[in-house]
Amino acid sequence: MASILEETTSAEFRPRLPPELLMLILEHLPPDAETLRQTCLVSKQCLSISQPYLFRHIRLSAPKATTDHARSPCSILYQVLLNSPYIALYIRHLTILSASSLPRAAIPLDRMWISSDETLPALLNILVNAKLQSFRVRLSGESWQDLPLALHSSIRSLVNSPSLRDVDFTGFDVVDAAMFKQSRIQRLKFSEMGELHVETESDAVETCSSEFSSLTLLDMDIGAVISWAVSSQSFRALRDLRLAFHPLTDIPNVEELLRHIAGTLESLHFQPVYARWSPDNFFRIGELPVLTSLRLSLGISVQSNPVPWVIFILRNLGHNRLQNLTIDLRIDNREVVQSLPWAELNSALCGPPLVNLQALVITLFLYQPRPPGMRALWNRDEEGTIRWLAGEIPRLLPSVAARDVFEVHELQLSFSRFFYWPGPLAWSDSES
Amino acid sequence: MVLLVTSDNEQFQTEKDIVERSVLIKNMLEDVGESDQPIPLPNVSSSVLKKVTQPSTGPTEIDVRGRYLSTASTTVESPSRPPILEQSQDETRKRTTDISEWDQKFITVDQEMLFEIILAANYLDIKSLLCRRWLQDGSQHDQGARPPEEIRKLFNIVNDFTPEEEAQIKKENEWAEDR
């Protein structure tokens, strides 16, 4: 009894941190789940701050081989949300991944879990009226057409939920553009898409209420997007366009898409992967009167040299308000570097269309970035090439290097970070 | 060098790049321009200022909350400027690991000093001090989480959960994956 009294008294007289400062510390916590789990249990006030962070980003992937299907991550989360509905309001970002994204050590028992997990549609339905901001689905080994109708319906509802702003679909064999008609999505990203169905009814324009500000298209046919852009008002305010991996046959479509959105486009990121560059397939950016940012990500190898195209584009820039220009160079070897038309590039980068730049950035990448954990085995020649080139840039591009807006960076990123750059970096981080 | 004057009237000549970790002081310096005039810090004692201006706090100027937000955001703010140039996540993690030993020493202070440091960090607006691993277990090599009872003791917080409530929270949080 005496010890309890003593403890209580000493606790009362010990200094206490003002609650608002404790909140500040909790808000600055390192993002690891274990610390958050512990701080949730400190007090009700700490719980109210920590638990929303704990459930902020949910990633649903396949059950591990040892997991009973009835206890899949999805079904457990569903039970949690049924028992504690307030937790659904903490979830801001949801990622659903097919099995193949798992590391080898955790090969799933059921590779088709998205199609077969009966709790997934119900879980998504709960989130329709929550506060979800971004939704990402990656299908791999499963097709949209084979998913149950209940799941189709849930995904459609979620896409149209009032809070959702970002959608990122990867690996869908088919997507119906009508799904987005009534959505409030601002940023849309499609990767490795099969077909895009676009409705052609005359009332399509009238019933559409969505308005995209950012569109990212990786490795998919642009032609269908043109039809969508022309038939829908969703693109009337598009400010940010990112395109990567487009075949040569798609060039007319890229040009047409640019023409269609020229009046609003402020930033453009191209990452072409043409094997054969020749003046025949050079395309121009054309007249983009409000463009302020341009980024070109290029792979340079013995087989592929897009630098002449870059020079062509820069020399033929129409009227623009360009302030930021970034050129990413993914380099193969030193011989290739030495054969590039540096003098012409130097001249083009200082030409009249670029006189008002506020930032001119060149980033240098390895052609094959070193995989994690392979430091000892990796070919150091390529790393040496990048370092050498970073040092050589002032000699190769003397007029550019003399500009006070110029920066050169040598980056050693993983393959996926380079290729998925137009999209969210952090997604690929969370999967690695 | 910048001259700082503490609440107990001690004067400190400090490197500009160190004191500029404080947003408050940085703004003051920008306002007054190049000047030899001392900067008064009426809410910070000399013992606390010594602590918060230790040179080894250097590599921790990382807004962890910013990292948090970027973890799940699907927006790349400046399409023309690679976001990686602003702050690589890998680099952030590396730096965070590098400072753990220093952190461990730093937080080994009595409770009164701990509170004073946090209050000063708030007053001076030094985010890196607020996002230190106050809530992680400095005694463990891998910087595991500090148990709730230790956090309560450290910050003098009363446990206001019933055992049933505590059990329910544990059950809810069991699901949340490691980031």
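In order, the protein sequences belong to chains A and B.
Residues in the first sequence are numbered consecutively from 1, following our numbering.
Residues in the second sequence are numbered consecutively from 1001, following our numbering.
In this text, a Cβ means the ideal position worked out from N, Cα and C, and glycines have one as well.
Computed from a predicted structure; not experimentally measured.
Residue-chain proximity (residue i, chain B), Cβ-Cβ < 7 angstroms
i	result
A/Arg37	yes
A/Ile96	no
A/Pro19	no
A/Phe365	no
A/Glu410	no
A/Leu77	yes
A/Ala376	For A/Ala376, the predicted structure reports a pLDDT of 48, less than 50, and the residue's modelled location is therefore unreliable. The matter cannot be settled from this model.
A/Leu329	no
A/Ala390	no
A/Glu34	yes
A/Phe172	no
A/Ser213	no
A/Ser84	yes
A/Val80	yes
A/Ile222	no
Contact check, residue i vs residue j, beta carbons under 7 angstroms
i	j	result
B/Ile1018	B/Met1028	no
A/Leu294	A/Leu325	yes
A/Val128	A/Leu147	no
A/Leu188	A/Phe212	yes
A/Phe135	A/Leu196	no
A/Gly141	A/Ser183	no
A/Asn305	A/Arg284	no
A/Asn320	A/Leu288	yes
A/Val405	A/Leu354	no
B/Leu1004	B/Thr1014	yes
A/Leu268	A/Leu241	yes
A/Leu349	A/Val400	yes
A/Ile87	A/Phe55	yes
A/Leu329	A/Ile300	yes
A/Leu132	A/Leu82	no
A/Ser234	A/Ser210	yes
A/Ile386	A/Leu366	yes
Residues sharing a beta bridge with residue i, DSSP
i	result
A/Ser214	A/Arg187, A/Asp240
A/Asp328	A/Ser297, A/Thr363
A/Leu411	A/Phe365
A/Met245	Note that residue 245 of chain A corresponds to Phe in the displayed sequence, not to Met. A/Phe245 is not bridged to any residue.
A/Arg136	A/Thr95, A/Asp168
A/Leu196	A/Val175
B/Phe1012	B/Leu1004
B/Pro1040	B/Val1005
A/Ser267	A/Asp240, A/Ser293
A/His57	A/His93
A/Ala150	DSSP, once it has assigned bridges, lists no residue as partnering A/Ala150.
CB contact below 7 angstroms: residue i versus chain A
i	result
B/Asp1160	yes
B/Arg1152	yes
B/Ile1169	yes
B/Ile1118	yes
B/Glu1187	Given that chain B is displayed from residue 1001 to residue 1179, the structure contains no residue 1187 of chain B and the question cannot be resolved.
B/Glu964	Since the first and last residues shown for chain B are 1001 and 1179, residue 964 of chain B lies out of range.
B/Asn949	The displayed coordinates of chain B run from 1001 to 1179. Any statement about residue 949 of chain B would go beyond what the structure contains.
B/Gln1087	Note that B/Gln1087 scores 37 on pLDDT, short of 50, meaning its location in the model is unreliable; the coordinates nonetheless yield the value given after this. Closer than 7 angstroms: no.
B/Ala1072	The pLDDT assigned to B/Ala1072 is 24, lower than 50, so where the model puts this residue is not dependable; a value taken from the coordinates is nonetheless given after this. It does; some Cβ of chain A falls within 7 angstroms.
Partner residues on chain B for residue i, Cβ-Cβ distance less than 8 angstroms
i	result
A/Ser43	Arg1152, Ile1157, Val1158, Asn1159, Asp1160, Phe1161
A/Phe245	Under the 8 angstroms cutoff, chain B gives no residues; its nearest Cβ is about 17 angstroms from A/Phe245.
A/Ile87	Glu1172
Contacts of residue i in chain A (Cβ-Cβ under 7 angstroms)
i	result
B/Arg992	This structure cannot speak to residue 992 of chain B, because chain B is shown only from 1001 to 1179.
Within chain A, partners of residue i - CB distance below 9 angstroms
i	result
B/Asn1043	Simply none; closest approach about 13 angstroms.
Under 9 angstroms from the C-beta of residue i: neighbouring residues of chain B
i	result
A/Val400	Simply none; closest approach about 16 angstroms.
A/Ala130	Per Cβ cutoff of 9 angstroms: no residues; A/Ala130 is ~15 angstroms from chain B at best.
A/Leu158	Neighbours of A/Leu158 on chain B: none; closest Cβ ~15 angstroms, over 9 angstroms.
Contacts of residue i in chain B (Cβ-Cβ under 7 angstroms)
i	result
A/Leu434	Residue 434 of chain A falls outside the range modelled here, since chain A spans only 1 to 432, and no answer is possible.
A/Leu22	Phe1155
A/Leu47	Ile1169
Should the stretch 69-83 of chain A be called in touch with the stretch 43-50 of chain A, which here means at least 3 C-beta pairs below 8 angstroms?
no
Any 3 or more C-beta pairs closer than 8 angstroms across the stretch 1035-1052 of chain B and the stretch 1112-1125 of chain B:
yes
Is the stretch 210-225 of chain A touching the stretch 241-255 of chain A in the sense that three or more CB pairs, one from each, lie closer than 8 angstroms?
yes
Could you say if the stretch 35-46 of chain A and the stretch 83-92 of chain A meet the contact criterion of at least three C-beta pairs nearer than 8 angstroms?
no
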